[in-house]
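Below is one structure, written out as structure tokens; the observations come after it.
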Amino acid sequence: MNDLPNSPLVILLAATALCSLLMWRWMAHLRLRLVEANTERDMFLRAAEGSPSPMLITGADRRVTWANSAFEGLCGYRLHELQGRSPGEMLHGKDTDQDTVALIRHQLARNEVAAAEILNYGRSGRAYWVKLHITPILNAEGEVVRYIAVFNETTERRRLLEQLHHGQQELERRVAQRTRELLAAKESADIANSTKSEFLGRMSQQLRTPMHAVLAYNNLALERVERDLKLRQYLVNLQNAGTGLLRLLNELFDVSQLEAGRVNLSLRETRLYDVVQSTVDAWREDAPLTAARIRLDMIGPSPAVVADADRLAQVVRNLLSNALRYSGDESPVYIMIDVTDDDGVDTYARLTVRDAGIGIPPEEMGRLFNGFYRSSRTVTEELAAATGKRGSGVGIGLAACRHIVDLHNGHIRAWNNEDHGSTFEVLLPLVTMALVV
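Using the UniProt record's numbering, the letters of the sequence shown map in sequence onto residues 1 to 437.
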């Protein structure tokens with residue numbers, strides 16, 4: 001080693017050569033990295049240029065360096081007009097929300113992805129809404145080198161949402177207005193109904209007293225007229241007409257009291273079959289030929305209900321009267337008594353009255369139990385053709401039935417039979433259910 005000339009110099013030259021080699025390799029690596037970076041950038045820019053989403057790139061100073069064609073189409077500016085300028089300077093206007101702008105700046109200052117919906121303005125002055133996502137791009141030291149912003153226009157969506165909102169407001173306004181109108185109409189109807197009920201009550205009460213007197217004097221005349229058969233027949237006719245009129249007045253008064261809620265029930269445990277049987281027996285005494293058409297049947301033991309027996313009998317009479325009146329003279333009327341079964345548990349005592357008469361128009365089912373309503377079939381030639389009878393009654397019997405059943409916490413409904421005629425069903429709570437209620 002000591003024989004080498006100028007050994008320090010040789011060492012220096014060797015070190016210099018090694019450093020040069022290392023520097024050359026480092027520079028070559030940097031050139032390669034730069035080429036790769038430029039290639040990646042070019043690939044990204046080509047992909048971004050073809051993207052349908054508007055995109056914008058700024059430097060770390062947040063001034064525009066590049067924008068794709070979609071962004072130019074959105075805002076109306078060309079790239080050379082945007083470069084070197086702040087996006088906010090170009091895009092924000094008088095109605096741009098400054099709180100949203102401040103939020104975006106705050107997120108970017110923390111190197112966070114900024115996301116917001118904001119109002120921008122184009123080159124022509126057109127205002128448009130966008131959803132904005134800005135992503136900071138950091139170097140190895142964690143410093144921001146650029147920002148990439150992606151825009152999604154939401155103007156049409158917001159317009160549709162605003163129309164939907166206005167539509168909802170208009171709908172709510174109309175519903176509220178219609179509700180007020182319906183409430184006012186209901187209030188007027190309630191007042192009219194109350195007035196009608198009071199009038200019927202007063203009228204029937206006032207008319208019943210003189211009618212009782214007429215019938216009383218007529219009875220006296222009948223007792224004294226023995227030989228004059230013609231006069232006696234006149235008096236019998238008068239008696240029958242007066243009795244019918246008194247019955248109608250009693251029914252009117254009864255309905256008015258039921259509608260006004262002025263009826264007190266005498267409730268006690270009652271066997272449903274006993275009530276129906278006694279009603280049918282009374283019918284057989286008064287009108288044996290008509291009552292002969294009644295078929296009474298019961299499945300199982302007679303169900304017990306808590307009821308006012310007289311009012312319950314009134315329901316049975318009204319249903320039977322309709323069934324007999326609106327079916328042929330030879331047509332039977334069936335009464336069935338049983339209990340409903342819900343998963344093996346008895347729930348209600350059930351009374352059904354089924355006839356083979358003219359039936360009920362389906363469109364009139366909803367009004368069947370309204371006061372003073374008569375089915376259109378009872379006032380047409382259809383009734384006469386089917387039964388040989390003319391319609392009668394004023395349409396208060398079924399309304400009375402509904403009120404009475406409601407007072408017993410029961411239900412009443414009707415339907416047309418598959419062949420012909422109709423069926424009425426009354427459900428009443430059994431004794432155990434009534435006690436729970």
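Cβ coordinates follow ideal geometry from the N, Cα and C atoms, glycine included.
Please name the residue in the options whose C-alpha comes closest to that of residue i.
i: Asp338; options: Ser327, Pro332, Arg350 and Glu330; result: Arg350
i: Asn264; options: Arg311, Thr270, Leu272 and Ile148; result: Arg311
i: Leu267; options: Tyr121, Ile404, Met23 and Met55; result: Ile404
i: Glu81; options: Ile137, Leu132 and Arg63; result: Arg63
i: Leu329; options: Gly357, Arg158, Thr347 and Glu181; result: According to the sequence provided, residue 329 is Asp. The question's Leu does not apply to it. It is Gly357.
i: Ala70; options: Glu49, Ser86 and Glu418; result: Glu49
i: Leu272; options: Ala291, Pro288, Arg293 and Ile299; result: Ile299
i: Gln83; options: His92, Asp97 and Thr58; result: Thr58
i: Asn409; options: Ser188, Arg123 and Leu428; result: Leu428
i: Arg367; options: Tyr348, Arg413 and Leu119; result: Arg413
i: Tyr128; options: Ile148, Glu112 and His92; result: His92
i: Arg296; options: Gln163, Leu238 and Leu320; result: A quick correction: the sequence has Leu, not Arg, at residue 296. Leu296 has its Cα closest to that of Leu320, out of Gln163, Leu238 and Leu320.
i: Leu398; options: Arg317, Glu418 and Asp419; result: Arg317
i: Ala307; options: Glu269, Leu289 and Asn370; result: Glu269
i: residue 498; options: Glu181, Arg173 and Glu117; result: Past the edges of the chain, shown from 1 to 437, lies residue 498, and the structure says nothing about it.
i: Leu119; options: Glu363, Phe424 and Gly88; result: Gly88
i: Pro362; options: Gln163, Gln233, Ser86 and Glu418; result: Glu418
i: Ser331; options: His420, His411 and Leu160; result: His420
i: Asn416; options: Ala15, Met365 and Asp286; result: Met365
Mark residue i as exposed unless 16 or more other C-beta atoms lie within 10 angstroms of its C-beta, in which case mark it buried.
i: residue 438; result: Residue 438 falls outside the range modelled here, since the chain spans only 1 to 437, and no answer is possible.
i: Val353; result: buried
i: Ala400; result: buried
i: Gly388; result: Summary for Gly388: the model assigns pLDDT 49, below 50, so the residue's position carries little reliability, and this model does not support an answer.
i: Arg402; result: buried
i: Ala323; result: buried
i: Ala216; result: exposed
i: Val236; result: exposed
i: Val333; result: buried
i: Ser327; result: buried
i: Ile137; result: exposed
i: Leu383; result: Because the pLDDT at Leu383 is just 49, under 50, the model does not fix this residue reliably, and the value given afterwards should be weighed accordingly. By the neighbour-count rule (16 or more Cβ atoms within 10 Å), Leu383 is buried.
i: Pro303; result: buried
i: Ala292; result: exposed
i: Ile11; result: exposed
i: Leu229; result: exposed
i: Val175; result: exposed
i: Pro301; result: exposed
i: Leu132; result: buried
Taking 9 Å as the CB-CB cut-off, is residue i touching chain B?
i: Pro332; result: Of the chains in the structure shown, none is chain B; there is only one protein chain.
Report, in whole angstroms, the separation of the C-beta atoms of residue i and residue j, which I expect to be a contact under 8 Å.
i: Val305; j: Val431; result: 6 Å
i: Leu79; j: Ala67; result: 5 Å
i: Ile335; j: Ile360; result: Not really, about 18 Å apart at Cβ, beyond 8 Å.
i: Ile134; j: Leu108; result: 6 Å
i: Asp341; j: Ser422; result: Between Ser422 and Asp341 the Cβ distance is about 24 Å, and since that is not below 8 Å, they are no contact.
i: Val275; j: Ala309; result: 5 Å
Exercise for the section: Tell me, please, whether the segment 97-116 touches the segment 74-83 by the rule of three or more beta-carbon pairs shorter than 8 Å. Expected result: no
Practice task
Determine, using beta-carbon pairs with one atom in the segment 49-68 and one in the segment 142-153, whether at least three such pairs fall under 8 Å.
Solution key: yes
Handout entry: Three or more C-beta pairs below 8 Å linking the segment 161-177 and the segment 132-144
Key = no
Exercise for the section: Please confirm if the segment 311-323 is in contact with the segment 275-283, defined as three or more CB-CB distances below 8 Å between the two stretches. Expected result: yes
Problem - Those runs of the beta strand (DSSP E) which lie wholly inside the segment 307-367 and span at least 3 residues - result: 333-342 and 345-354
Problem - Any alpha helix (DSSP H) of 4 or more consecutive residues that is wholly inside the segment 94-155 - result: 98-109
Problem - Every unbroken alpha helix (DSSP H) within the segment 43-93, with a cutoff of 4 residues, ordered by chain - result: 69-75, 79-82 and 87-91
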